[in-house]
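Structure first, then comments.
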Amino acid sequence: MFNVVTGSGAGCGAALTAHPQVAKVSFTGSTATGKQIARVAADRLTRVTLELGGKNPAIVLKDADPQWVIEGLMTGSFLNQGQVCAASSRIYIEAPLFDTLVSGFEQAVKSLQVGPGMQETAQINPVVSRAHCDKVAAYLEEARQQKAELISGSAGPDAGGYYIPPTLVVNPDAGLRLSREEVFGPVVNLVRVADGEEALRLANDSDFGLTASVWTRDLTQALNYTDRLQAGTVWVNSHTLIDANLPFGGMKQSGTGRDFGPDWLDGWCETKSVCVRY
Numbered sequence: 001m002f003n004v005v006t007g008s009g010a011g012c013g014a015a016l017t018a019h020p021q022v023a024k025v026s027f028t029g030s031t032a033t034g035k036q037i038a039r040v041a042a043d044r045l046t047r048v049t050l051e052l053g054g055k056n057p058a059i060v061l062k063d064a065d066p067q068w069v070i071e072g073l074m075t076g077s078f079l080n081q082g083q084v085c086a087a088s089s090r091i092y093i094e095a096p097l098f099d100t101l102v103s104g105f106e107q108a109v110k111s112l113q114v115g116p117g118m119q120e121t122a123q124i125n126p127v128v129s130r131a132h133c134d135k136v137a138a139y140l141e142e143a144r145q146q147k148a149e150l151i152s153g154s155a156g157p158d159a160g161g162y163y164i165p166p167t168l169v170v171n172p173d174a175g176l177r178l179s180r181e182e183v184f185g186p187v188v189n190l191v192r193v194a195d196g197e198e199a200l201r202l203a204n205d206s207d208f209g210l211t212a213s214v215w216t217r218d219l220t221q222a223l224n225y226t227d228r229l230q231a232g233t234v235w236v237n238s239h240t241l242i243d244a245n246l247p248f249g250g251m252k253q254s255g256t257g258r259d260f261g262p263d264w265l266d267g268w269c270e271t272k273s274v275c276v277r278y
């Protein structure tokens with residue numbers, strides 16, 4: 001049976017999670033809410049699958065194809081205004097390729113058309129609410145106050161709306177909130193690194209572990225990084241490529257359990273042993 005129950009998370013969500021006839025809870029949303037669900041579910045030992053937030057890194061090695069990188073990570077970063085849990089929000093670029101890619105990303109960002117969702121030519125639409133618009137704007141204002149270099153595209157129509165311009169933040173301080181927290185908006189950090197090992201260290205230096213990507217022409221080198229990246233899904237020369245046959249989920253503060261694939265089905269089943277003597 002499939003039921004839709006409308007209401008707030010604090011009301012309906014809390015009641016459903018605590019209900020004795022609910023055997024499993026699958027939640028997609030923020031880490032803070034996921035933790036609260038886990039606490040309530042623990043009281044009845046209700047099983048949970050939690051697909052939570054991400055601060056997803058991309059490692060770009062010096063031999064990567066610049067066109068692939070720009071095309072792939074523009075989509076990976078700005079799809080649905082960056083309001084995607086798997087979005088690439090931290091891009092670590094080896095020094096020899098850094099200036100070339102910053103220039104390429106700048107051209108790409110400034111070419112994006114910002115407008116209403118019903119406008120066919122619009123590539124960046126309003127974010128989900130006024131509250132979220134203000135939240136993303138606050139991340140950017142903090143970065144400005146700390147003298148971070150921001151490269152922004154169109155601000156959107158003059159008539160108003162919950163628009164955040166697609167924005168590149170170049171070499172932001174690692175202590176900034178937008179360097180550590182999930183912004184969930186059209187904002188991506190571009191960070192210069194000396195080599196791939198520095199990129200790997202910075203990529204793994206996060207409370208989250210949902211997705212990551214590696215960009216290189218060398219498959220052997222790529223697989224070396226995929227083994228060591230702390231993320232539930234790692235792509236090579238792509239980002240946000242989803243196959244419903246493959247499990248999807250995160251490590252660390254990005255959740256527990258998996259969606260999609262056989263792992264997802266197993267999570268909704270009980271394993272039972274039956275022994276018969278005859």
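Residue numbers (the UniProt record's numbering): 1 to 278. Glycine residues also receive a C-beta, built at the ideal position from the N, C-alpha and C atoms. Treat the numbers as computed from the prediction; the structure is a model and nothing was measured.
Check: Starting from the Cα of residue 257, find the closest Cα among 232, 7, 273 and 96 and give me that residue.; Outcome: 232
Check: According to the neighbour-count rule (16 or more other Cβ atoms, all chains shown, within 10 Å of its Cβ), is residue 197 buried or exposed?; Outcome: exposed
Check: Taking all protein chains shown into account, decide if residue 172 is buried (16 or more other Cβ within 10 angstroms of its Cβ) or exposed.; Outcome: buried
Check: By DSSP's criteria, residue 88 is part of a beta bridge. Which residues make up the other side?; Outcome: 56
Check: Taking the Cβ atom as the reference point for each residue, do residue 82 and residue 187 lie within a distance shorter than 8 Å?; Outcome: yes
Check: Using the DSSP secondary-structure output, state which residues sit across from residue 212 in a beta bridge.; Outcome: 234
Check: Grab me the residues of residue 213's own chain with a C-beta within less than 6 Å of its C-beta, minus the 5 sequence neighbours each way, in chain order.; Outcome: 58, 235 and 239
Check: Helix, strand or coil for residue 134 per DSSP?; Outcome: helix
Check: Would you mind giving the Cβ-Cβ distance between residue 25 and residue 46, rounded to the nearest angstrom? I have them listed as a contact below 8 Å.; Outcome: 6 Å
Check: Going along the chain, which residues of its own chain have a beta-carbon closer than 7 Å to the beta-carbon of residue 146, five neighbours each way excluded?; Outcome: 173 and 176
Check: When you compare each of 2, 11 and 49 to residue 267 by their alpha carbons, which one comes out closest?; Outcome: 49
Check: Do residue 52 and residue 34 come within 8 Å of each other at the CB atom, strictly closer than that value?; Outcome: yes
Check: For the segment 98 to 171, which segments carrying the beta strand (DSSP E) assignment without a break, of at least 3 residues, lie completely within its bounds, in sequence order?; Outcome: 149 to 152 and 167 to 170
Check: For residue 255, write down the residues that DSSP places opposite it in a beta bridge.; Outcome: 51
Check: Rounded to whole angstroms, what is the Cα-Cα separation between residue 77 and residue 38?; Outcome: 29 Å
Check: Flag this pair as touching only if the segment 107 to 126 and the segment 192 to 211 have three or more C-beta atom pairs under 8 Å; answer yes or no.; Outcome: no
Check: Which stretch, first to last residue, makes up the beta strand (DSSP E) that contains residue 245?; Outcome: Unbroken run through residue 245: none, as it is neither H nor E.
Check: Helix, strand or coil, according to DSSP, for residue 78 in the structure here?; Outcome: helix
Check: Excluding sequence positions up to five away, which residues of its chain have a Cβ less than 8 Å from the Cβ of residue 167?; Outcome: 109, 140, 150, 151, 152, 153, 186, 187 and 188
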